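Undergrad: Residues in the sequence shown are numbered from 96 upward in steps of one, following the working numbering. Using N, Cα and C, we set each Cβ at its ideal position, and we do this for glycine too. The model shown is predicted, which means the values in this text are computed figures rather than measured ones.
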Amino acid sequence: MSGGAVPRLVIAAPASGAGKTTVATGLMAAFAEAGLAVSPHKVGPDYIDPGYHSLATGRPGRNLDAFLCGTDRIAPLFLHGAAGADLAVVEGVMGLFDGASDRGELSSTAQVAKVLRAPVVLVVDASSQSRSVAALVHGFASWDPEVRLAGVILNKVGSDRHEQLLREAMDSSGVPVLGALRRDGRAGTPSRHLGLVPVAERRAEALESVSELAARIREGCDLPALLALARSVPELPDAPWDPAAELAPAAGQSTAAPSARPLIAVAGGAAFTFSYAEHAELLAVAGAEVVPFDPLRDERLPPGTQGLVIGGGFPEVYAPELSANAPLRAAVAELAASGAPVSAECAGLLYLSRSIDGKPMCGVLPAEARMTERLTLGYREAVALGDNVLAAAGTRVRGHEFHRTVLEPGAGADPAWGLTHPERRVEGFVAGGVHASYLHVHWAAEPALAGRLVASAARIAAARG
Numbered sequence: 096m097s098g099g100a101v102p103r104l105v106i107a108a109p110a111s112g113a114g115k116t117t118v119a120t121g122l123m124a125a126f127a128e129a130g131l132a133v134s135p136h137k138v139g140p141d142y143i144d145p146g147y148h149s150l151a152t153g154r155p156g157r158n159l160d161a162f163l164c165g166t167d168r169i170a171p172l173f174l175h176g177a178a179g180a181d182l183a184v185v186e187g188v189m190g191l192f193d194g195a196s197d198r199g200e201l202s203s204t205a206q207v208a209k210v211l212r213a214p215v216v217l218v219v220d221a222s223s224q225s226r227s228v229a230a231l232v233h234g235f236a237s238w239d240p241e242v243r244l245a246g247v248i249l250n251k252v253g254s255d256r257h258e259q260l261l262r263e264a265m266d267s268s269g270v271p272v273l274g275a276l277r278r279d280g281r282a283g284t285p286s287r288h289l290g291l292v293p294v295a296e297r298r299a300e301a302l303e304s305v306s307e308l309a310a311r312i313r314e315g316c317d318l319p320a321l322l323a324l325a326r327s328v329p330e331l332p333d334a335p336w337d338p339a340a341e342l343a344p345a346a347g348q349s350t351a352a353p354s355a356r357p358l359i360a361v362a363g364g365a366a367f368t369f370s371y372a373e374h375a376e377l378l379a380v381a382g383a384e385v386v387p388f389d390p391l392r393d394e395r396l397p398p399g400t401q402g403l404v405i406g407g408g409f410p411e412v413y414a415p416e417l418s419a420n421a422p423l424r425a426a427v428a429e430l431a432a433s434g435a436p437v438s439a440e441c442a443g444l445l446y447l448s449r450s451i452d453g454k455p456m457c458g459v460l461p462a463e464a465r466m467t468e469r470l471t472l473g474y475r476e477a478v479a480l481g482d483n484v485l486a487a488a489g490t491r492v493r494g495h496e497f498h499r500t501v502l503e504p505g506a507g508a509d510p511a512w513g514l515t516h517p518e519r520r521v522e523g524f525v526a527g528g529v530h531a532s533y534l535h536v537h538w539a540a541e542p543a544l545a546g547r548l549v550a551s552a553a554r555i556a557a558a559r560g
């Protein structure tokens, strides 16, 4: 079988809350436990679900977001992530046809399913209906003829009698029922202000939950039929995404020479769980030695650190622990003061601030952070307002903003981005070698960001001998 013909399924739903994550993660785990190499994917910008997918499959969870990365990169990124897999399972986002606001089908599950030429399995919350389920499924199956709605999994079924009524109603719909799952909260995943609690914060419990999900899926779903459906796909004509090929022509960036291979430290652990797998791959291809560290546990940066990447996560949840690690906060401040390149997104931005809700942070940026009740959420378009360690002036990017904090800035830093859509405002901080912003950007769409960061670190490494 060629790479372009990797078996694949898209798991969708009429709306959020129907059980997509339950079913997708359970399917991944059940097939992986059966001995298949399963490649996990998630439509949209979400970082948390891919963590559960990775736990279920043992492979990195990969995002497929047409707004962030462009429609033409969806299939290549999918094939890159699914290399060597026996099966790929793609969890959708929101409702099947819901995408970026005012952009039609862009970034919707339906769009990704069409690009991947993949069959869609619709997860329906059947808890408050019987015959009406057939009308609902008929509407979704007929809305867009290019979307192949190939099966339904009934979720939150109340009893044997309820299941019988649902299946009888579905008999006339032309869409087969591939599973029925009873109401069961035992395998639930806890949530808080930004969604599910990440795997890194509850690994032992998460493993148990994923195992329970796999058992429920084996009991309630027709796995042979689902696998046969996944294997019915045509071959994709696209070539897999190649970070080396993408980076080579990116804005004329040159990779670091082996003798000047800089060490880029990447924050991880429970407080900083938001990162796209392709970022580390691009950094490595650009010539960096990528070394993870945990700001909750490590009191110093990896020896020889010449650059720093701090992604998103939940520093507000771990503010007391992060604040208590004074040696690491001082090391981060010292590295930033030296002019080394530092890229920080959202949680990283907060960690570099003076404080979070009064608890001291690294003090690199002239700003105070605090939690609020207001959720800031949505896709953004932005332009770099000046040259910095991450982007050349005029670089245009697409990103995603997702937080319940605000920053009260002081003087001493320039803005990083000028947002151009859906609103116009400046955002983020540039100070010396520091680039910090609320904006989550997928570097696969703009590989020059990784190349520029590594090149800056390599120059510092070379200058220091």
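Look up K137 in the DSSP assignment and give the residues it is bridged to.
TA: Paired residues: N158, E186.
Undergrad: Looking at the unbroken alpha helix (DSSP H) that takes in D255, where does it start and where does it end?
TA: Taken as a continuous stretch (DSSP letters only), the alpha helix (DSSP H) holding D255 covers 255-265.
Undergrad: Let me know if Q259 comes out buried or exposed under the rule of 16 or more other beta-carbons within 10 Å of its beta-carbon.
TA: Classification for Q259: exposed.
Undergrad: Shortest alpha-carbon distance to G494 belongs to which of V501, E503, A479, A508?
TA: Measuring from the Cα of G494, the nearest candidate turns out to be A479.
Undergrad: Am I right that C316 and L261 are in contact with their C-beta atoms under 8 Å? What's the rounded C-beta distance?
TA: That pair is no contact at about 14 Å.
Undergrad: Look up V492 in the DSSP assignment and say whether it is helix, strand or coil.
TA: Strand.
Undergrad: Cutting at 7 Å between CB atoms, please list the residues of its own chain near A229, excluding the five before and the five after it.
TA: Cβ neighbours of A229 beyond the five flanking positions: A264, M265, S267, S268.
Undergrad: What three-state label does DSSP hand P455 in the structure shown?
TA: Note: P455 maps to strand in three-state DSSP.
Undergrad: My guess is that L163 and H537 are in contact by the Cβ rule of under 8 Å, so how many angstroms apart are they, rounded?
TA: L163 to H537, Cβ: 4 Å. Contact.
Undergrad: Need the endpoints of the beta strand (DSSP E) that Q401 sits in, please.
TA: Per DSSP, Q401 belongs to the beta strand (DSSP E) from 400-405.
Undergrad: Nearest CA to the CA of G99: which residue from L470, D197, P171?
TA: G99 has its Cα closest to that of P171, out of L470, D197, P171.
Undergrad: Have a look at R395, P155, D452, E186 and flag the residue whose alpha-carbon is nearest the alpha-carbon of T467.
TA: The candidate whose alpha carbon is nearest that of T467 is D452.
Undergrad: Going by other Cβ atoms of all chains shown within 10 Å of its Cβ, with 16 needed for buried, is G234 buried or exposed?
TA: Exposed, since its Cβ has fewer than 16 Cβ neighbours within 10 Å.
Undergrad: Classify T116 as helix, strand or coil using the three-state DSSP reduction.
TA: The answer is helix: DSSP assigns T116 an H, G or I state.
Undergrad: Going by beta carbon distance, what residues of the same chain come within less than 7 Å of A213, once the five residues before and after it are set aside?
TA: Excluding sequence neighbours, A213 sits near R103, L104, V105, V185, V328.
Undergrad: Do A84 and A557 have their C-beta atoms closer together than 9 Å?
TA: In the structure as shown, the chain starts at 96 and stops at 560, and residue 84 therefore has no counterpart that could be examined.
Undergrad: Taking only the alpha-carbon atoms, compute the straight-line gap between P415 and G489 and give it to the nearest angstrom.
TA: Their Cα atoms are separated by approximately 38 Å.
Undergrad: With three or more C-beta pairs closer than 8 Å as the rule, is the stretch 395-409 touching the stretch 358-377?
TA: With a cut-off of 8 Å, the stretch 395-409 and the stretch 358-377 count as touching, because enough Cβ pairs lie within range.
Undergrad: According to the neighbour-count rule (16 or more other Cβ atoms, all chains shown, within 10 Å of its Cβ), is S286 buried or exposed?
TA: Caution applies to S286, whose pLDDT of 46 falls short of 50 and renders its modelled position unreliable; the value that the coordinates give is listed next. Exposed: under 16 other Cβ atoms inside 10 Å.
Undergrad: Who are the Cβ neighbours of L430 in its own chain at under 8 Å, not counting the five residues just before and after it?
TA: So the list reads L396, T400, L403, V437, once near-sequence residues are dropped.
Undergrad: What's the C-alpha gap between P398 and D389?
TA: The straight-line gap from Cα to Cα measures roughly 14 Å.
Undergrad: Let me know if A421 comes out buried or exposed under the rule of 16 or more other beta-carbons within 10 Å of its beta-carbon.
TA: With fewer than 16 Cβ atoms within 10 Å of its Cβ, A421 is classed as exposed.
Undergrad: Pick helix, strand or coil for V272, following the three-state DSSP scheme.
TA: Strand, per DSSP.
Undergrad: Taking the alpha helix (DSSP H) that R547 falls in, what are its first and last residues?
TA: Counting along the chain, the alpha helix (DSSP H) containing R547 begins and ends at 543-558.
Undergrad: List in chain order: all unbroken alpha helix (DSSP H) runs of 4+ residues lying wholly within the stretch 178-242.
TA: 204-211, 227-238, all fully within the stretch 178-242.
Undergrad: Of the residues T515, A508, R424, L331, which one's Cα is nearest the Cα of E567?
TA: Examination of residue 567 is not possible in this model, given that the chain is present from 96 through 560 alone.
Undergrad: Using the DSSP secondary-structure output, state which residues sit across from C441 in a beta bridge.
TA: According to DSSP, C441 bridges with nothing at all.
Undergrad: Can you tell which of A343, L182, A299 has the C-alpha that lies nearest to the C-alpha of L318?
TA: The candidate whose alpha carbon is nearest that of L318 is L182.
Undergrad: If you compare alpha carbons, which of A552, S551, T152, R559 is closest to L302?
TA: Ranking A552, S551, T152, R559 by Cα distance to L302 puts T152 first.
Undergrad: According to DSSP, is L514 helix, strand or coil?
TA: Here L514 sits in strand by DSSP.
Undergrad: What first and last residue would you give for the beta strand (DSSP E) that runs through E384?
TA: From DSSP, the beta strand (DSSP E) with E384 extends over 384-388.
Undergrad: Where do the ends of the alpha helix (DSSP H) carrying L378 lie?
TA: First-last of the alpha helix (DSSP H) with L378: 372-380.
Undergrad: Classify P572 as helix, strand or coil using the three-state DSSP reduction.
TA: Lying outside 96 to 560, the shown extent of the chain, residue 572 is not represented and no answer is given.
Undergrad: Pick helix, strand or coil for F409, following the three-state DSSP scheme.
TA: Here F409 sits in coil by DSSP.
Undergrad: Quick one: Cα of A432 to Cα of A334, how far?
TA: Taking the straight line from one Cα to the other gives about 43 Å.
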